[in-house]
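Asker: There's a structure below that I have some questions on.
2 protein chains.
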Amino acid sequence: MTNSPLANSISNLIERGEAIAAASLFANEHPADIAGALAVIARKNAHAAWGALELLPLAQQAETFGYLDHATQTSLAYAAPRAKLARIVTEMNADERADMFNELSDEQAEALLPALAQAEREDIRRLAAYEDGTAGAIMTSDYATLPERLSAAEAIEKLRLEAPDKETIYRAYVTDAERKLIGAVRLQDLILAPARAMVGDIMDRNTHAISVHDDQEHAARQIARYDVIALPVVDDQKRIVGIVTHDDAMDVIQEEATEDFHRVGTVSPLAANVRDAGIFLLYRARIVWLVVLVFGNIFSGAGIAAFEDTIAAYVALVFFLPLLIDSGGNAGSQSATLMVRALATGDVRMGDWGQMLGREALVAAMLGLSMAAAVSFIGVVRGGPEIALVVASAMVIIVIVGSLIGMTLPFVLTRFNLDPATASAPLVTSIADAAGVIIYFAIATAFLPLPG
Amino acid sequence: MTNSPLANSISNLIERGEAIAAASLFANEHPADIAGALAVIARKNAHAAWGALELLPLAQQAETFGYLDHATQTSLAYAAPRAKLARIVTEMNADERADMFNELSDEQAEALLPALAQAEREDIRRLAAYEDGTAGAIMTSDYATLPERLSAAEAIEKLRLEAPDKETIYRAYVTDAERKLIGAVRLQDLILAPARAMVGDIMDRNTHAISVHDDQEHAARQIARYDVIALPVVDDQKRIVGIVTHDDAMDVIQEEATEDFHRVGTVSPLAANVRDAGIFLLYRARIVWLVVLVFGNIFSGAGIAAFEDTIAAYVALVFFLPLLIDSGGNAGSQSATLMVRALATGDVRMGDWGQMLGREALVAAMLGLSMAAAVSFIGVVRGGPEIALVVASAMVIIVIVGSLIGMTLPFVLTRFNLDPATASAPLVTSIADAAGVIIYFAIATAFLPLPG
Chain A
1 MTNSPLANSI SNLIERGEAI AAASLFANEH PADIAGALAV IARKNAHAAW
51 GALELLPLAQ QAETFGYLDH ATQTSLAYAA PRAKLARIVT EMNADERADM
101 FNELSDEQAE ALLPALAQAE REDIRRLAAY EDGTAGAIMT SDYATLPERL
151 SAAEAIEKLR LEAPDKETIY RAYVTDAERK LIGAVRLQDL ILAPARAMVG
201 DIMDRNTHAI SVHDDQEHAA RQIARYDVIA LPVVDDQKRI VGIVTHDDAM
251 DVIQEEATED FHRVGTVSPL AANVRDAGIF LLYRARIVWL VVLVFGNIFS
301 GAGIAAFEDT IAAYVALVFF LPLLIDSGGN AGSQSATLMV RALATGDVRM
351 GDWGQMLGRE ALVAAMLGLS MAAAVSFIGV VRGGPEIALV VASAMVIIVI
401 VGSLIGMTLP FVLTRFNLDP ATASAPLVTS IADAAGVIIY FAIATAFLPL
451 PG
Chain B
1001 MTNSPLANSI SNLIERGEAI AAASLFANEH PADIAGALAV IARKNAHAAW
1051 GALELLPLAQ QAETFGYLDH ATQTSLAYAA PRAKLARIVT EMNADERADM
1101 FNELSDEQAE ALLPALAQAE REDIRRLAAY EDGTAGAIMT SDYATLPERL
1151 SAAEAIEKLR LEAPDKETIY RAYVTDAERK LIGAVRLQDL ILAPARAMVG
1201 DIMDRNTHAI SVHDDQEHAA RQIARYDVIA LPVVDDQKRI VGIVTHDDAM
1251 DVIQEEATED FHRVGTVSPL AANVRDAGIF LLYRARIVWL VVLVFGNIFS
1301 GAGIAAFEDT IAAYVALVFF LPLLIDSGGN AGSQSATLMV RALATGDVRM
1351 GDWGQMLGRE ALVAAMLGLS MAAAVSFIGV VRGGPEIALV VASAMVIIVI
1401 VGSLIGMTLP FVLTRFNLDP ATASAPLVTS IADAAGVIIY FAIATAFLPL
1451 PG
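Sequence lines, in order, name chains A and B.
Everything in the first sequence is counted per this note's numbering, starting at 1 for the first residue and increasing by one.
Everything in the second sequence is counted per this note's numbering, starting at 1001 for the first residue and increasing by one.
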């Protein structure tokens, strides 16, 4: 998105005052692509981007605004006249609107709210009240409901009238007098049913619903599991309060994958995307773990220092040090990576730990023996058969120990309600390193005759 | 899924011959949940699982079968009488059916194909012909098309009749006489339009389409970008040949994230999920990189060996060795992680390399100085001010070099058309380790007076 030909053409035309030509360039573009171009323009000149957005019809302005990233939304919100911004905000999807308000400064939000109608103001306040990361925070209130006692034809007519304001009418939710969710009906089924069939008879009563307090990731995984377009969200009294749609679920799944990815790489979750993140934000996301790991490595250093006599007597041992301890760390990182991802996707659960451990021990033993075979040759060449024996047997034990540490750590973290992705490759490596140093030199000290 | 209460109840009832009670247990469950229970039963007894599946009405049998993982599908396919299996397969979604045939052994597929109708056989052959990982391989042929010259009312009637056989009728594709894609129309718009309006006038002509040859990840990202339920897939002549739906896109995005996750952890892509993968499969996915990295570490070992004189003169230096070289590796892993994920999600592109490099150098310098401050204290305590100076200055340079290696490697790999996720934490660590050893001891040798 750095070099957007669309953004360049548009901003050139706007600078030259050729608004009509600029507007015609937008005409055939998808709002997501227009938003991409506006983000590029806004980075240089928010007023020019606002000018470009104004070229669109109002409905498209609102849709495009919803596709903008939060940084661009905020900068355009500052550049725009308040009354015009209010019109766009009124037209936006309820969930995107609430998200945007969360990003605005308090002043900005307070300046904008009075320009909106009562209904929108309350909707924003209600949606913004849910805690970040919950189903309530990503749901939209633009859903369609139907009463049980309506014919299919009447139901279609009702949906038809409401369609422009709803995020989807492909699935409508059937509620009782107290707004409690009793079923869901697909538009497709209403069309297929005889015109006089009742909604209550057509609807699916086994509708999965999620709670407003559920984790957003849980909501997204339910949508993925049941292959649905949307899932209804209910409050503590089982009343429907919103829906989470498939496109938001996809965003959540991508965000959560990125967060886990970063965490495994010892980078704390970033509020912005990497390209736009500031230097200090990046520094802060990385420094904590780097310093923690430095102090973790002191244990390895201390381990080495404890065996200074052995090292002084057999300096050749030092040659194999990085190779051995890294192998333990690498095998452990592999195990941790497999477990972290499997726990995140739900492929593996806490109860599987015992079964996983037994299999891991077997796999690790096979890996260790293969690696020992690979290094014992180098051992003979560099240090003779005695050194080779020490190196090979240390390798087997180090790889097994490293793997078991790497496999167990994500489970231990989950057990203590911490994110399993904290079991990053570098953390596992540091722990496995310290263990490796001790195993290696302990074996060497035991097997090799020390002078004096 | 290991302990499924549903699976236990069902298999108990089937063992006791109480089929009706077992069937009633299924009645209120979602096919995805039934599939989960069947997978558990099938792991012990494929015939019992087949018996349970047969309790369902045919349409639900097919839907449940589509939700099963490939291993369970195959084991049930072996357990089932051929004619009954053929009926289920005929009812399945076209894309899930084609996927299943890809997993069956050649004999099994040859045994089953003659039991299917001509149309299904051809459909399977056509879908199976597309290369794995392309849009063609994940698309379904169950899409709805409309001619341009049809009224909205006629179009709704046509969709209504075809609905049971289509994966979605919420979006129908408008084609010309040569089956070329000319637009798309949402069911919602047909319902909102006057009954006599023509499809050609209602349809959206700017429909994004993807090619059968496009990468499946590209298809999935387009669906995520444009928030659509489905995207049409066209052949080289721009004729529509299938659609990729939002639920398949979600699966692809999850699979690709898992694959990148594993690759960054130096685990080769696994064909099965971690819980079900066999010991040898896991061994094979891990051993290659472990051995490669062992030989990579020989460079570090050789680096250390080259400075044996310095080490012998200042054994205290060894204490700081793991700490310094790991810090370079850790900082490099962080940079690599950030870049790998950003390149995968499209947040960063090849052209951004220069800009990223400049910023990375700044961030790395800040990180290096902070780390140097942290270790110089330990340096003074353990080795005196001279050692502290060597350790601190080595730290700054090592962290900067490690970070720049980690940041650059994913771009270099992309440049040579390799997967950037190959720039795994352990690979970056190995390279940064070797660099770190040389930097550390070179500085030490230059600054510290050698005896003799």
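Beta carbons are placed, not taken as given, at the ideal position from N, Cα and C, and that holds for glycine.
How would you write the range of the alpha helix (DSSP H) that B/Gly-1200 sits in, first residue to last?
Answerer: Your numbering for residue 1200 of chain B matches position 200 in the second sequence. Residues 1199–1202.
Asker: Whose Cβ in chain A lies nearer than 7 Å to the Cβ of B/Glu-1308?
Answerer: For the purposes of this step, residue 1308 of chain B is taken as residue 308 along the second sequence, with counting starting at 1. Residues of chain A passing the Cβ test: Val-315.
Asker: A/Gly-301 versus chain B: which residues are under 9 Å apart at the beta carbon?
Answerer: Taking the first sequence and counting its residues from 1, the one referred to as residue 301 of chain A is at position 301. Neighbours of A/Gly-301 on chain B, chain order: Val-1318, Phe-1319, Phe-1320, Leu-1321, Pro-1322, Leu-1323, Ile-1378 and Arg-1382.
Asker: With a CB to CB cut of under 7 Å and the five nearest residues on each side skipped, what residues in its chain are close to B/Arg-1179?
Answerer: Walking along the second sequence from the start, residue 1179 of chain B turns up at place 179. Contacts found: Arg-1239 and Ile-1240.
Asker: Is the beta carbon of B/Ser-1327 sitting closer than 8 Å to the one on B/Asp-1433?
Answerer: Position 327 of the second sequence, counted from the first residue, corresponds to residue 1327 of chain B. Position 433 of the second sequence, counted from the first residue, corresponds to residue 1433 of chain B. No, Cβ-Cβ distance for B/Ser-1327 and B/Asp-1433 is not below 8 Å.
Asker: Three-state secondary structure (DSSP) at A/Thr-429?
Answerer: Stepping through the first sequence from its first residue, residue 429 of chain A is reached at position 429. A/Thr-429: helix per DSSP, three-state reduction.
Asker: Which whole runs of the beta strand (DSSP E) in the segment 1366–1437 of chain B are 3 residues long or more, in chain order?
Answerer: The qualifying runs do not exist here; there are none.
Asker: Can you confirm whether B/Ile-1400, when its beta carbon is compared against all beta carbons of chain A, has any partner nearer than 8 Å?
Answerer: Looking up residue 1400 of chain B in the second sequence gives position 400. Closer than 8 Å: no.
Asker: Using a Cβ cut-off of 8 Å (strictly closer), state whether B/Thr-1266 contacts chain A.
Answerer: In the second sequence, counting from the first residue as 1, residue 1266 of chain B sits at position 266. So, interface residue.
Asker: Which word fits B/Gln-1355, buried or exposed, when buried means at least 16 other C-beta atoms lie within 10 angstroms of its C-beta?
Answerer: For the purposes of this step, residue 1355 of chain B is taken as the residue at position 355 of the second sequence. By the 10 Å Cβ count, B/Gln-1355 comes out exposed.
Asker: Could you work out which residue in A/Ile-34, A/His-70 and A/Gln-254 is closest to A/Glu-54 when comparing CA atoms only?
Answerer: Position 54 of the first sequence, counted from the first residue, corresponds to residue 54 of chain A. The candidate whose alpha carbon is nearest that of A/Glu-54 is A/Ile-34.
Asker: Please confirm whether A/Asp-99 has its beta-carbon closer than 8 Å to some beta-carbon of chain B.
Answerer: Counted from its first residue, the first sequence places residue 99 of chain A at position 99. Taking Cβ atoms only, chain B never reaches closer than 8 Å to A/Asp-99, which makes this a no.
Asker: Am I right that A/Gly-436 and A/Ile-400 are in contact with their C-beta atoms under 8 Å? What's the rounded C-beta distance?
Answerer: Locating residue 436 of chain A in the first sequence gives position 436, counting from the first residue. Locating residue 400 of chain A in the first sequence gives position 400, counting from the first residue. Between A/Ile-400 and A/Gly-436 the Cβ distance is about 11 Å, and since that is not below 8 Å, they are no contact.
Asker: Please report the residue range of the alpha helix (DSSP H) in which A/Val-244 lies.
Answerer: Translated into positions along the first sequence, residue 244 of chain A becomes position 244. From DSSP, A/Val-244 is part of no alpha helix (DSSP H) but of the beta strand (DSSP E) over 240–245.
Asker: By the three-class DSSP mapping on this structure, what secondary structure does A/Asp-276 have?
Answerer: The residue you call residue 276 of chain A lines up with position 276 of the first sequence. It is coil, neither helix nor strand.
Asker: For the segment 431–442 of chain A, list every residue whose C-beta sits within 7 Å of some C-beta in chain B, in sequence order.
Answerer: Within the segment 431–442 of chain A, the residues whose Cβ lies closer than 7 Å to some Cβ of chain B are Asp-433, listed in chain order.
Asker: Any beta-carbon of chain B closer than 8 Å to the one on A/Tyr-143?
Answerer: As a working mapping, residue 143 of chain A is identified with position 143 in the first sequence. It does not; no Cβ of chain B falls within 8 Å.
Asker: Return the chain-ordered list of same chain residues with a C-beta closer than 6 Å to the C-beta of B/Ile-1202, the five sequence neighbours on each side being excluded.
Answerer: Taking the second sequence and counting its residues from 1, one reaches residue 1202 of chain B at position 202. Cβ within range, chain order: Val-1185, Asp-1189 and Ala-1193.
Asker: What does B/Asp-1227 touch in chain A if you count any residue whose Cβ is under 8 Å from its own?
Answerer: Here residue 1227 of chain B corresponds to residue number 227 of the second sequence, with the count starting at 1. The contacting residues are Ala-32 and Asp-247.
Asker: Assuming B/Leu-1038 and B/Thr-1074 form a contact by the criterion Cβ under 8 Å, report the distance between their Cβ atoms to the nearest whole angstrom.
Answerer: Taking the first residue of the second sequence as position 1, residue 1038 of chain B is located at position 38. Taking the first residue of the second sequence as position 1, residue 1074 of chain B is located at position 74. Not really, about 13 Å apart at Cβ, beyond 8 Å.
Asker: I want to see whether chain A comes within less than 8 Å of B/Met-1350, judged by CB atoms only; does it?
Answerer: Position 350 of the second sequence, counting from 1, holds the residue named residue 1350 of chain B. It does not: the Cβ of B/Met-1350 has no partner Cβ on chain A nearer than 8 Å.
Asker: Which residue comes first and which comes last in the alpha helix (DSSP H) that contains B/Ile-1041?
Answerer: For the purposes of this step, residue 1041 of chain B is taken as the residue at position 41 of the second sequence. Per DSSP, B/Ile-1041 belongs to the alpha helix (DSSP H) from 1031–1044.
Asker: Give me the residue from A/Ile-405, A/Arg-341, A/Phe-411 and A/Ile-443 with the minimum Cα distance to A/Glu-386.
Answerer: Taking the first residue of the first sequence as 1, we reach residue 386 of chain A at position 386. That would be A/Ile-443, whose Cα lies nearest to the Cα of A/Glu-386.
Asker: Across which residues does DSSP place B/Gly-1183 in a beta bridge pair?
Answerer: The count along the second sequence starts at 1 and reaches residue 1183 of chain B at position 183. Answer is B/Val-1174.
Asker: According to DSSP, is B/Thr-1074 helix, strand or coil?
Answerer: If you number the second sequence from 1, residue 1074 of chain B lands on position 74. Reduced to three states, the DSSP call for B/Thr-1074 is helix.
Asker: Rounding to the nearest angstrom, what Cα-Cα distance links B/Arg-1087 and A/Ala-172 in this structure?
Answerer: For this step, residue 1087 of chain B is matched to residue 87 along the second sequence. For this step, residue 172 of chain A is matched to residue 172 along the first sequence. Cα-Cα distance, rounded: 32 Å.
Asker: Could you round the C-beta distance between A/Leu-85 and A/Leu-127 to whole angstroms and report it? I think they count as a contact, below 8 Å.
Answerer: Here residue 85 of chain A corresponds to residue number 85 of the first sequence, with the count starting at 1. Here residue 127 of chain A corresponds to residue number 127 of the first sequence, with the count starting at 1. Between A/Leu-127 and A/Leu-85 the Cβ distance is about 18 Å, and since that is not below 8 Å, they are no contact.
Asker: According to the Cβ coordinates, are A/Ile-243 and A/Thr-140 closer than 8 Å?
Answerer: What you label residue 243 of chain A is simply residue 243 of the first sequence in a count that begins at 1. What you label residue 140 of chain A is simply residue 140 of the first sequence in a count that begins at 1. In this structure, A/Thr-140 lies closer than 8 Å to A/Ile-243 by Cβ.
Asker: Rounded to whole angstroms, how far is the Cβ of B/Ile-1210 from the Cβ of A/Met-250, which I believe are closer than 8 Å?
Answerer: In the second sequence, counting from the first residue as 1, residue 1210 of chain B sits at position 210. In the first sequence, counting from the first residue as 1, residue 250 of chain A sits at position 250. Not confirmed; about 16 Å, so no contact.
Asker: Counting only runs of 4+ residues fully inside the segment 297–329 of chain A, write out the alpha helix (DSSP H) ranges in chain order.
Answerer: Runs found: 308–313.
Asker: Closest to A/Glu-255 by C-alpha separation, out of A/Asp-227, A/Thr-245 and A/Pro-269, would be which residue?
Answerer: Residue numbering aside, residue 255 of chain A sits at position 255 when the first sequence is read from its first letter. Nearest C-alpha to A/Glu-255: A/Pro-269.
Asker: Could you say if the segment 1159–1176 of chain B and the segment 1222–1231 of chain B meet the contact criterion of at least three C-beta pairs nearer than 8 Å?
Answerer: They touch, by the three-pair rule.
Asker: Determine the burial state of A/Gly-133: buried for a count of at least 16 other Cβ atoms within 10 Å of its Cβ, exposed for fewer.
Answerer: Position 133 of the first sequence, counting from 1, holds the residue named residue 133 of chain A. Label assigned to A/Gly-133: exposed.
Asker: Taking Cβ positions only, does A/Ile-119 come closer than 8 Å to chain B?
Answerer: Working through the first sequence from its first residue, we reach residue 119 of chain A at position 119. Here residue 119 of chain A turns out to be Ala, not Ile, going by the sequence shown. It does not: the Cβ of A/Ala-119 has no partner Cβ on chain B nearer than 8 Å.
Asker: Using a Cβ-Cβ distance under 8 Å, would A/Pro-420 count as near chain B?
Answerer: The residue you call residue 420 of chain A lines up with position 420 of the first sequence. Chain B contact via Cβ: absent.
Asker: Can you tell me whether DSSP reads A/Thr-2 as helix, strand or coil?
Answerer: Sequence index remark: in the first sequence, residue 2 of chain A carries index 2 (1-based). Since pLDDT at A/Thr-2 reaches only 43, below the 50 mark, its modelled position is unreliable, and no value is offered.
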